Amino acid sequence: MAQSELIHLVADLSLIHTLGKWRYPGSWNSYAPYGSPDLYLDLARLLEHGRFDGAFFADVAGTPLFNGAPDDTVEWGVAWPRHDPLPMAIAMAGVTKHLGFVTTMSMTYHHPFNVARLFASVDHVTRGRIAYNAVVSGFPQEAQNFGYDTTPDHEWRYRRAEEFLEVLDKLYGSVDPDAMLWDRETGRVADPTKVRRIDHVGEHFKVMGPLPCAPSPQGRPVQIQAGASASGMKLAGRYADLQFAIPYDIPKMAAHRQKLDDAAIAAGRTPRDVGVLWSARFDVVSGPEEARHNRAMLLQSIPEQMGMVFLSQWWGVDGYRLDPQRTVHDTVAEIKELGVGPNWSYIDDAVRNSDDKTTIAEYSQQWLTSDDGWTGTPTEIVDKMEEAHFGSGANGGFMVVPKTGVPGGFARFVHEVVPVLQYRGLMRKEYAGPTMRENLLV
Ligand SMILES: Cc1cc2nc3c(=O)[nH]c(=O)nc-3n(C[C@H](O)[C@H](O)[C@H](O)COP(=O)(O)O)c2cc1C
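The structure is reproduced here in structure tokens:
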């Protein structure tokens with residue numbers, strides 16, 4: 001990953017069409033609704049103008065339930081609808097030259113052979129600008145679309161993920177970079193001594209190989225991962241180029257970074273091999289008055305029910321009847337007793353970030369609209385980025401998304417924040433090369 005200490009930027013486009021953001025004043029105006037590529041193509045051009053490394057699409061291939069039914073989710077568009085992100089990334093690559101794309105596929109439900117072949121193929125089509133966000137899925141409604149009654153056990157998912165990434169590694173290594181001949185005179189297409197079977201046999205997968213793809217521009221797509229449990233950190237330390245993480249405060253970021261350093265070293269890599277992109281919801285404003293005004297508009301565009309429905313999905317407790325008037329602490333105590341919540345890291349966050357009087361309704365609204373410190377003038381935002389970046393090892397950067405609507409929120413970031421980052425020498429002014437990997441290495 002990053003060999004220098006520059007700040008890298010990735011734009012999070014996962015939920016810009018949902019969670020009330022689509023109806024934030026000015027958002028999506030004059031664009032066809034979600035599904036059409038128009039807004040995304042404009043965003044791709046804008047982000048490239050701002051020298052972003054990439055655009056990110058998270059993915060959960062399921063419809064969140066609330067109290068056991070999809071009704072509220074669908075009615076209020078809570079992280080729904082959600083299309084497979086890969087086709088949109090390919091369309092966006094067609095109107096850009098340097099911007100990279102991060103798309104997601106579950107390691108819990110998909111097969112590594114299919115993922116390796118798909119991402120190698122997309123690496124060709126995007127001319128080396130694809131990254132794979134390898135996730136260990138924790139949402140029960142996704143499990144139910146893939147033949148499971150509920151989310152499989154956490155450690156089982158991580159064992160499968162470990163083997164999944166091992167197979168991916170072997171498949172990408174099964175065709176040497178100089179294997180292709182395409183010799184018109186002899187008719188030979190590839191050198192067979194440079195293409196090998198992998199004959200992998202493990203607990204979860206049996207794959208003969210080789211990968212039936214010509215070596216792609218990046219050799220292997222950039223690999224990204226999120227997962228803060230001990231098993232998640234171990235996996236990222238071993239296999240990830242970049243990790244997504246949530247920046248609570250600088251001491252916690254530094255502690256997280258230290259754990260990742262230890263995991264990388266334990267896997268025989270160096271800490272510089274694994275960068276972190278800290279997720280940040282920003283709002284670029286001219287001062288406190290505009291910040292208050294924006295927050296009020298945001299609250300107005302979010303229906304009351306929405307926070308709770310999303311929280312229930314995020315926690316992975318969609319069959320459990322969340323009572324809006326009950327306190328977070330009582331609710332979590334009951335969830336622990338019932339053992340119905342698989343996403344413990346998020347549930348534990350909620351306990352840490354609430355007191356014994358905070359109700360579920362209050363917490364969910366706060367959580368969805370919280371001012372997590374990234375609201376400010378361009379200079380204030382850059383000050384904070386600089387402090388957080390250097391306070392946490394200066395190895396990676398930020399994955400940013402506006403709290404308000406699009407494309408306006410990103411336009412302000414590109415036109416007002418990026419120039420300050422560049423002026424201070426914190427961010428590059430030009431791309432280093434055509435592939436995503438090359439750009440991340442500077
Ligand atoms: C910034 C960020 C992005 C994530 N994107 C996805 C995603 O697209 N799909 C998904 O199923 N999980 C996603 N996750 C969840 C993680 O993959 C992981 O399952 C979760 O953090 C719990 O892992 P842990 O038990 O190791 O802490 C994301 C997490 C973070 C922090």
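Just so you know, we're using our numbering here: the sequence shown kicks off at 1 and counts up by one.
For every residue, glycine included, the Cβ atom is placed at its ideal position computed from N, Cα and C.
Keep in mind that this is a model prediction, so the values were computed, not measured.
Asked: How many Å lie between VAL400 and ASP183 at the Cα?; Found: 46 Å
Asked: Mark VAL382 as exposed unless 16 or more other C-beta atoms lie within 10 angstroms of its C-beta, in which case mark it buried.; Found: buried
Asked: With a Cβ-Cβ cutoff of 7 Å, do LYS403 and ASP249 count as a contact?; Found: no
Asked: Would you report the Cα separation of PRO407 and ALA11, rounded to the nearest angstrom?; Found: 12 Å
Asked: Within 10 angstroms of its Cβ, does HIS98 collect 16 or more other Cβ (buried), or is it exposed?; Found: buried
Asked: Ligand 1 heavy atoms versus the CB of ASP59: any closer than 6 Å?; Found: yes
Asked: Unbroken alpha helix (DSSP H) runs of length 4 or more, entirely within the stretch 296–334: which are they?; Found: 304–315
Asked: Give me, in chain order, the residues of the same chain whose beta-carbon lies closer than 6 Å to that of SER231; leave out the 5 immediate sequence neighbours on both sides.; Found: TYR158
Asked: Considering only C-alpha positions, which residue in the set ASP318, VAL328 and ARG326 is nearest to THR151?; Found: ASP318
Asked: Can you give the Cα-Cα distance for GLY396 and LEU235, rounded to whole angstroms?; Found: 18 Å
Asked: Inspect the beta-carbon positions of THR108 and ASP59 and report whether they are closer than 7 Å.; Found: no
Asked: Under 6 Å: does the beta carbon of THR104 sit that close to some heavy atom of ligand 1?; Found: yes
Asked: What is the DSSP secondary structure of HIS443, counted as helix, strand or coil?; Found: Since the first residue of the chain shown is 1 and the last is 442, residue 443 is not available in this structure.
Asked: Using C-beta distances below 7 Å, list every residue in its chain close to SER121, excluding the 5 sequence neighbours before and after it, in chain order.; Found: CYS213
Asked: Do you know offhand how far LEU65's Cα is from ASP153's?; Found: 20 Å
Asked: Three or more beta-carbon pairs under 8 Å between the stretch 354–363 and the stretch 257–277, yes or no?; Found: no
Asked: Can you tell me where the beta strand (DSSP E) holding PHE413 begins and where it ends?; Found: Looking at the DSSP string, PHE413 is not in any beta strand (DSSP E), and its letter there is neither H nor E.
Asked: Any contact between the stretch 80–93 and the stretch 137–147? By contact I mean 3 or more CB pairs, one from each, below 8 Å.; Found: no
Asked: Check HIS8 in the structure and name its three-state DSSP category.; Found: strand
Asked: Looking at the secondary structure, which residues open and close the alpha helix (DSSP H) in which MET436 lies?; Found: 436–440
Asked: Given PRO177, which residues of its chain have a CB within under 8 Å of its CB, disregarding the five upstream and five downstream residues?; Found: PRO215 and GLY219
Asked: Hey, how far is the Cα of PHE410 from the Cα of LEU47?; Found: 8 Å
Asked: Quick one: is GLU162 buried, meaning 16 or more other Cβ sit within 10 Å of its Cβ, or exposed?; Found: buried
Asked: Can you tell me which of TRP76, GLY54 and ARG51 puts its alpha carbon nearest to the alpha carbon of THR63?; Found: TRP76
Asked: CA-CA distance, ASN133 and ARG117?; Found: 15 Å
Asked: Does ligand 1 have a heavy atom nearer than 6 Å to the CB of GLY405?; Found: no
Asked: At a cut-off of 6 Å, is PHE310 close to ligand 1 when judged by its beta-carbon and the heavy atoms of the ligand?; Found: no
Asked: Taking 6 Å as the cut-off, is the C-beta of SER392 nearer than that to any heavy atom in ligand 1?; Found: no
Asked: Using the C-alpha atoms, what's the distance from GLN225 back to TRP314?; Found: 17 Å
Asked: Indicate, with yes or no, if ligand 1 has a heavy atom lying under 6 Å from the CB of PHE244.; Found: yes
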